[in-house]
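In our numbering, the protein residues as written are 1 to 205. Don't be surprised by glycine CBs; every beta carbon is placed ideally from N, CA and C. One structure is given here, and the rest of the page talks about it.
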């Protein structure tokens, strides 16, 4: 019998994990250790192995641990892939019908979450792509030429190039989150999207 771990289950697990850290009932810690890896293997400093979930390695973690930090609700954030807007890149439209029989045109993805349907601009504002210039002559979309910069609630084009893109503004990453959580691969999402007043206008529109 086949089985699958769905994206919705992954999202639920992340929500439960964040809630668990925020709860006063549980305690989570981040730790560092193994200050002298060459005692284990001579090339670990340049080529550390991937950790494995085993009792043997867990014992090594405890034996070599040198510092712990208790995690609080301010120390964690949900993140998504960082897709930075770049002129000349063709992005994909937000659609819920990508599947094995209907692959996304740019990334050949079978589901929405693996496509490049959103971007972060140079001002740390995040947008989703509702139209990417698709027409009978360009069935896969056209390159994006105008960087979206607006914060209007209504979806619209980003400039006058005529690239055919329609963007919808979602949110701006706040400075504290940029400093604490921004990385080369991921961007943080707003905390408590369903109740956060800062995104209420976007959420309700």
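Distance between residue 47 and residue 56, taken at the CA atoms: about 20 Å. In this structure, residue 61 keeps its C-beta atom at 7 Å or more from the C-beta atom of residue 92. Fewer than three Cβ pairs drawn from the stretch 161-174 and the stretch 99-107 lie within less than 8 Å of each other, which leaves the two stretches out of contact. Taking a C-beta distance under 7 Å as the contact criterion, residue 170 and residue 78 do not qualify as a contact pair. Going by beta carbons, residue 133 and residue 142 fall inside the 7 Å limit. The straight-line gap separating the alpha-carbon atoms of residue 83 and residue 119 is approximately 5 Å.
Listed in chain order, the non-local C-beta contacts of residue 185 below 8 Å within the same chain comprise 81 and 82, local neighbours out to five positions each way being set aside. Checking the DSSP bridge columns, you'll see residue 99 partnered with 102. DSSP places residue 31 in the strand class (E or B) of the three-state scheme.
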